[in-house]
Structures are given as C-alpha cells and as structure tokens.
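K.L.:
Dropping the structure in here first, questions after.
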Amino acid sequence: MLETVVREMEGHQVVVLSDYAKGVLTDQFTRRVIAAATHAGIPVVADPKTVELDRFQGAMVITPNVSEAAAATGIRATHDDSAEHTVKEISRRFGITGVLLTRAEQGMSLLFEGKEIVHIPASARDVFDVVGAGDTVVATIALALGSGLDLETSARIANTAGGIVVAKHGTATVSRSELLDEISREGRSGLSSAVKILDIDDVRSRCEEWQAAGLKVGFTNGCFDILHAGHVQLLQYARSRCDRLIVGLNDDQSVARLKGSSRPINALADRGAVLAALSAVDAVTAFAEDTPYDLIATLLPDVLVKGADYEIDQIVGADIVIANGGKVERFALLEGRSTTGIVARAAKGDSAVPA
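Here UniProt numbering is used: the first residue of the sequence shown is 1, the next is one more, and so on.
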C-alpha cells in the first residue's frame, strides 16, 4: 500500500492522513508517506488519534481536538491561555511545526512555525450535531491548502465550514454554495472579497446555484476604473433590484480599446478587488470582449441594470434578458461623476466637483 500511495502522490496538491486508530497509519508507514510528500513538495494534513504524535513530524499541520491533545500532553485546553499552552507543548514535545487545535464551541487555536498563536472564534450560530465536524475541518483545510492558500486562511475557511455542518442535524456535509455564502456573510479577514472574484465557469455555476435556490440574480457591467460615488450608487441600486448581484468587469485590454491607450488607470486585479469589497456586490467576473453580450447570454440573469443614459434598445444584452423572462432596469446616474472626468480634472489640477 505504501508504494501505491507514494506513486499516486504525483500530480496531487495535498496529502491527508486521517487516523481512525485502525492500524493503517503505523509509525513507519506514516513517516515514510510524510517523507515522500515532503520530497515532492506536497503539504500533509494529519488528523491524529494516537498520543504518539511524533510520527507526524514533517506534516504541515495536525488537527487534534481538545480531548486528543489532552491525552497526548496532559493539558486540558479550557480557554485561550491553556489552548496556547497545549499547542506549544505539542510542538515542543513532538517536533510538530503546525498545530491546529479544534476546540468545538470555543473555535480553534493555530500555531505555525513558531509564529504568534492565532485564536479563531467559532462561527456556528446554533449547534445541533458535532458528528463529522472534525472531518469537515480536515477536508476543507486540505482543499484550501491544495488551492494555494496559506495555512491561517485555510484554517479560517475550515472553521466556517465546520460551523455550517454542526448547525445541521445528523452527519452532514457542506456545499460550495453554502460555504461561499457564509464566508461572504461573515466577511472575516478579507475572505469575503477573495471568494467573490470568479472566472466564467465559477460565476456561471454560482448563478445557476442561486437561481435554483429561488434567488433573483442581477447583472451590471463596466470598466469601474476609478471607483466613484456614481459607481457606488449604481451598484447599490442594482443590488436593491435583486437577491444577488454579479458585476461584469472589462479586462485591461478591452478598457484600452474603449477608453484609449492611457487607460485603465487601475489594473484588472485592483479594480476587481475594490468591487468585491463592496457589500452590494456578490460576484465579480472579467470579460475580454468590448461588450458583455456573450457573458449575459451565458449567465441569463433575471435583472439587467444599466445607466439611464442608455435607452433599453441600446443596452447590450437587454434582448437576451427580456426574451428569457427577465427585466431591464435603468438607473439615473449621478451627474458630473465619471472616471474620464476625474482623470481630466486631475491632469489640470482642478478641485473636486461640488457636492
């Protein structure tokens, strides 16, 4: 079995060792798997049941719960100070550089490579059943690490996932849609913004999931080069007309074609990050074409919102939305606010537009 595991590592992003104390993760087997993963540059996540934690040396992180940690160290983590003592003792005694102590309703405590302890509060609003929560945490950390996220961010996402499953009756799972919605709702540590920026395949899936849940999906688009009050009012209005708002964002090349070679002022990644930080926006996706016609045809939103300076028959994609039973909304833009105007005033050294 060891040869099979080592062979199958190639092409994978993370290795999970889930110990159920059934005799599979022996000392020798565990050490050799971790050594092979380390040699291949693959992080290892281990969920131990044994008190002999030194066999997990070399893993990026182990995830004992309070009882498992107490059995290994003799220390019962009942509050943040004792939790900090526990993870430091595990690291010192067993040579483990990454320890994530799961503490049920008290959240988690993370120690990694000797850095300052991070205490992550529990995210569950109601707890009905904790069965399977540990497996959810391990699986989510592995998925996040395998996607290239750092350990602290991965732990925070896993904490959110665990909070979702314990709020359900029975052994439960968490869907991608549930996890993204909860992260967005919590808005913790910048995670809310990060999960809103999606490629075309992911935004299509999100749109379908929202609509399948009976939610009305809205869409608007633009360059959003220098975000100003006019943009914000448009986005707030658009969000008020739907349950979830997707923003289509022109990529840098299409902005240059539309606005001139001196634009954009802000690159696509920066423009997307600013939009995603707004509570009115639920998803941001870029498109390379000069218009979002193909994107609208792909998403089939329920509501399309544009500025009132366009007649409905001039609004790109209006025909698609109307033919699909949706609505087109026009919003009266805030007078005198535009990125082009801001750039021109800045070039001349003029002051702001009067309120």
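C-beta: ideal position from N, C-alpha, C; glycine also.
All figures in this text were calculated on a predicted structure; none of them were measured in a lab.
Compute the distance between the beta-carbons of Ile62 and Ile117, then report whether it is under 7 Å.
P.N.:
The sequence position of residue 62 within the sequence shown is 62, counting from 1. The sequence position of residue 117 within the sequence shown is 117, counting from 1. In this structure, Ile62 lies away from Ile117, with their beta-carbon atoms at least 7 Å apart.
K.L.:
Considering only the beta carbon of each residue, do Leu234 and Phe94 sit closer than 7 Å?
P.N.:
Numbered from its first residue, the sequence shown carries residue 234 at position 234. Numbered from its first residue, the sequence shown carries residue 94 at position 94. Cβ distance not < 7 Å, so Leu234 and Phe94 don't count as in contact.
K.L.:
Out of Ser18, Leu17, Val33, which has the shortest C-alpha to C-alpha gap to Thr4?
P.N.:
Position 4 of the sequence shown holds residue 4. When only C-alpha atoms are compared, the closest one is Val33.
K.L.:
Tell me which residue opens and which closes the alpha helix (DSSP H) that Lys259 is part of.
P.N.:
As a first step, residue 259 must be located in the sequence shown, where it is residue number 259. Segment 252 to 259, the alpha helix (DSSP H) holding Lys259.
K.L.:
Assuming contact is defined by CB atoms lying nearer than 7 Å, are Val316 and Val284 in contact in what I supplied?
P.N.:
Translated into the one-based positions of the sequence shown, residue 316 becomes position 316. Translated into the one-based positions of the sequence shown, residue 284 becomes position 284. No, Cβ-Cβ distance for Val316 and Val284 is not below 7 Å.
K.L.:
Suppose you measure from the CA of Gln57 to the CA of Val321; what does that come to, to the nearest Å?
P.N.:
Here residue 57 refers to the residue found at position 57 when the sequence shown is read from its first residue. Here residue 321 refers to the residue found at position 321 when the sequence shown is read from its first residue. Rounded to the nearest angstrom, the two C-alpha atoms are 57 Å apart.
K.L.:
Taking 7 Å as the cut-off, decide whether the C-beta atoms of Thr220 and Val303 are in contact.
P.N.:
As a first step, residue 220 must be located in the sequence shown, where it is residue number 220. As a first step, residue 303 must be located in the sequence shown, where it is residue number 303. No, the Cβ-Cβ distance between Thr220 and Val303 is not below 7 Å.
K.L.:
Return helix, strand or coil for Ile96, following the three-state DSSP convention.
P.N.:
The residue you call residue 96 lines up with position 96 of the sequence shown. Correct three-state label for Ile96: coil.
K.L.:
Should the region 139 to 149 be called in touch with the region 76 to 94, which here means at least 3 C-beta pairs below 8 Å?
P.N.:
Verdict: no, contact absent.
K.L.:
Return the bridge partner residues of Thr220 from the DSSP annotation.
P.N.:
In the sequence shown, counting from the first residue as 1, residue 220 sits at position 220. Bridge partners of Thr220: Val247.
K.L.:
Should Leu179 go down as buried or exposed, given a rule of 16 or more other Cβ atoms within 10 Å for buried?
P.N.:
Along the sequence shown, one-based indexing puts residue 179 at 179. Classification for Leu179: buried.
K.L.:
Can you tell me whether Ser18 is helix, strand or coil according to DSSP?
P.N.:
Walking along the sequence shown from the start, residue 18 turns up at place 18. Residue state, collapsed to three classes: strand.
K.L.:
Comparing C-alpha positions only, which one of Ile312, Asp309, Pro301, Tyr310 sits nearest to Gly326?
P.N.:
Reading the sequence shown from its first residue, position 326 is the one you call residue 326. Its Cα nearest to that of Gly326, the residue Pro301 stands out among Ile312, Asp309, Pro301, Tyr310.
K.L.:
Could you check the C-alpha separation between Gly222 and Asn250 for me, to the nearest Å?
P.N.:
For the purposes of this step, residue 222 is identified with residue 222 of the sequence shown, where counting begins at 1. For the purposes of this step, residue 250 is identified with residue 250 of the sequence shown, where counting begins at 1. When rounded, the distance between both Cα atoms is 6 Å.
K.L.:
Would you list the residues sitting across from Met108 in a DSSP beta bridge?
P.N.:
On the sequence shown, residue 108 is found 108 positions in, with the first residue counted as 1. Paired residue(s): Thr102, Ile120.
K.L.:
Pull the bridge partners of Ile62 from the DSSP assignment, please.
P.N.:
Locating residue 62 in the sequence shown gives position 62, where the first residue counts as 1. Ile62 is bridged to Ala46, Val99.
K.L.:
Does DSSP classify Lys88 as helix, strand or coil?
P.N.:
On the sequence shown, position 88 is the one that residue 88 refers to. DSSP places Lys88 within a helical segment (H, G or I) once states are collapsed to three.
K.L.:
Who are the near neighbours of residue 414 in its chain, counting only those whose CB is closer than 7 Å to its CB and skipping five residues on each side?
P.N.:
Because the chain in this structure spans residues 1 to 355, residue 414 falls outside the shown range and cannot be described.
K.L.:
What would DSSP say about Ser189, mapped onto helix, strand or coil?
P.N.:
If you number the sequence shown from 1, residue 189 lands on position 189. Below a pLDDT of 50, predicted positions are generally treated as unreliable, and Ser189, at 47, falls in that range; the measurement from the model is reported next regardless. Reduced to three states, the DSSP call for Ser189 is helix.
K.L.:
Where does His39 land, buried or exposed, given buried means 16+ other C-beta within 10 angstroms?
P.N.:
Position 39 of the sequence shown, counting from 1, holds the residue named residue 39. Looking at its Cβ environment, which holds fewer than 16 other Cβ atoms inside 10 Å, His39 is exposed.
K.L.:
Hey, how far is the Cα of Ser189 from the Cα of Ile197?
P.N.:
Start at 1 with the first residue of the sequence shown, and residue 189 comes out as number 189. Start at 1 with the first residue of the sequence shown, and residue 197 comes out as number 197. Summary for Ser189: the model assigns pLDDT 47, below 50, so the residue's position carries little reliability, and this model does not support an answer.
K.L.:
To the nearest angstrom, how far is it from the Cα of Tyr293 to the Cα of Arg76?
P.N.:
For the purposes of this step, residue 293 is taken as the residue at position 293 of the sequence shown. For the purposes of this step, residue 76 is taken as the residue at position 76 of the sequence shown. When rounded, the distance between both Cα atoms is 60 Å.
K.L.:
Could you give the C-beta distance for Leu333 and Gly218, rounded to a whole number, given that I count them as a contact under 8 Å?
P.N.:
The residue labelled residue 333 in the question sits at position 333 within the sequence shown. The residue labelled residue 218 in the question sits at position 218 within the sequence shown. Rounded, the Cβ-Cβ distance is 17 Å, inconsistent with contact.
K.L.:
Note the first and the last residue of the continuous beta strand (DSSP E) segment covering Leu304.
P.N.:
Residue numbering aside, residue 304 sits at position 304 when the sequence shown is read from its first letter. In the DSSP assignment, Leu304 falls within the unbroken beta strand (DSSP E) covering 303 to 307.
K.L.:
Please classify Thr140: does DSSP put it in a helix, a strand, or coil?
P.N.:
Counted from its first residue, the sequence shown places residue 140 at position 140. Correct three-state label for Thr140: helix.
K.L.:
Over what stretch of residues does the alpha helix (DSSP H) that includes Phe287 continue unbroken?
P.N.:
Here residue 287 corresponds to residue number 287 of the sequence shown, with the count starting at 1. Judged by DSSP secondary structure, Phe287 falls outside any alpha helix (DSSP H) and instead within the beta strand (DSSP E) spanning 283 to 287.
K.L.:
Give me, in chain order, the residues of the same chain whose beta-carbon lies closer than 7 Å to that of Val14; leave out the 5 immediate sequence neighbours on both sides.
P.N.:
Locating residue 14 in the sequence shown gives position 14, counting from the first residue. Taken in chain order, the residues that qualify are Ile42, Pro43, Val45, Ala142, Leu145, Gly146.
K.L.:
Would you identify the three-state DSSP class for Val328, choosing helix, strand or coil?
P.N.:
Position 328 of the sequence shown holds residue 328. Three-state DSSP puts Val328 in a strand.
K.L.:
Report the partner residues of Ile197 according to the DSSP bridge assignment.
P.N.:
One-based indexing of the sequence shown puts residue 197 at position 197. In DSSP, Ile197 forms a bridge with Val284.
K.L.:
Determine whether the beta carbon atoms of Ala72 and Leu53 lie at a separation below 7 Å.
P.N.:
Residue mapping note: residue 72 aligns to position 72 of the sequence shown, counting from 1. Residue mapping note: residue 53 aligns to position 53 of the sequence shown, counting from 1. Contact flag set, yes.
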